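Those letters in the sequence shown? Residues 25 to 329, by the working numbering.
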Amino acid sequence: MPVPIGGGIKLVEALIAIITDNGGQLITGADVKKILVDNGKATGVKLSDGRELFANKAVLASTTPQALYQGLLGSEVVTEEVRKSVEAFRYGRAAIQIHLALAEPPIWRNDARLADVAIVHVLDGMNSLSESVNASNRGYLPKRPTIVVGQPTTMDKSRAPEGQSILWIQLQENPRIIVGDLAGEIDPGDGSWNQERLHAYADRVLAQLGEQISNLHSATLAKVVLGPVQIEAMNANLVGGDPYSGDCRIDQYAVWRPLSHATGHRTPIKGLWHIGASTHPGPGLGGGSGYLVAKRLLSKKFYQK
């Protein structure tokens, strides 16, 4: 996992510089409403403000399959086979993030060396892991979920003022729609992740983590909790808060990702390529799908066509 000095934004800025330093243009805050197709070939995109941008070689769509085939492309250019594959595409469990600003570095109760580890997984054992995953898959909130604790200041001291620290906490065993609570403490109500349920569950997680970090509560200066609703609002590809843009079980992974009738990155539309976490090689910070497509687009063989 890349850890750029100064925060994750520095990685974004570096990638932008590669584009702009080589004569490219980056347009942000522009909502693409439609991919333009002429005689079976993608020719550009139409923005919500009516502007049309045309492509010389290719259009790359970093979206979910539904957003691409049920939204950006007109139904007249999507085959019945692809349409059925898109309808069958599944999303996985939801993510929750808790961000903490601490007045001092965390003090781990059982092993002080953990304070120097970038990412720590906190769980009771394999039985609790199995119980939590099974509960979440059935729509239930786990009693004691697996807690992923990121300690960015172990790798980059600039992330916090001197003497202080930050933690990001990620929870991946959460149902997208809440059916019940194994602990019997949180009323599922209508099943949505409203603020009351979100913060009640976050409090449970922090109480559990406090068993391992002695100063977790006393050192906390500020807290931000992001639930499935907030996560999807920040990135439309994370449907229902799924951080992987699609279930990663074997039938939707590797050579089968994203669709059985549109694997890899090619689409049935000439000149249109599908990239992003919903495609091979899946989620992560490696930019693998874009790299693979870029290699093909920049190859001499491609340009000779």
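Think of the CB as a built atom: it goes at the ideal place given N, C-alpha and C, for glycine as much as any other residue.
In this text, all values refer to a predicted model and were calculated from it rather than measured experimentally.
- Exclusion of the five residues before and after Gly234 leaves Leu240 and His241 as the residues of its chain whose Cβ lies within less than 8 Å of its Cβ.
- In this structure, Val106 lies away from Ala301, with their beta-carbon atoms at least 8 Å apart.
- DSSP places Val110 within a helical segment (H, G or I) once states are collapsed to three.
- Close CB contacts of Gly31 within its chain, under the 6 Å cut and outside five residues either way in sequence, are absent.
- Partner residues in the beta bridge of Leu283, as assigned by DSSP, are Ala286.
- Runs of the beta strand (DSSP E) spanning 3 or more residues and lying entirely within the stretch 159-204 occur at 171-174 and 189-198, in chain order.
- In this structure Asp180 is in contact with Ile29, their Cβ atoms being roughly 5 Å apart against a cut-off of 8 Å.
- Contact annotation: the stretch 95-102 does not touch the stretch 167-181, with fewer than three C-beta pairs closer than 8 Å.
- Ranking Asn261, Ala66 and Lys319 by CA distance to the CA of Tyr115 puts Asn261 first.
- Around the beta-carbon of His145, fewer than 16 other beta-carbon atoms lie within 10 Å, marking it exposed.
- Nearest C-alpha to Pro252 among Ala118, Asn63 and Leu84: Ala118.
- Ile59 sits away from Val36, with the two beta carbons spaced by 8 Å or more.
- DSSP places Lys319 in the helix class (H, G or I) of the three-state scheme.
- Under the three-state reduction of DSSP output, Gln236 falls in the coil class, being neither helix nor strand.
- Rounded to the nearest angstrom, the gap between the Cα atoms of Gly308 and Ile274 is 17 Å.
- Around the beta-carbon of Gln219, fewer than 16 other beta-carbon atoms lie within 10 Å, marking it exposed.
- One thing to note: Val203 has its Cβ within 8 Å of the Cβ of Tyr164.
- As the crow flies, the alpha-carbon of Val141 is around 7 Å from that of Gln175.
- By the beta-carbon neighbour count (other beta carbons within 10 angstroms, threshold 16), Pro185 is exposed.
- Going by C-alpha positions, Thr170 is about 12 Å away from Leu230.
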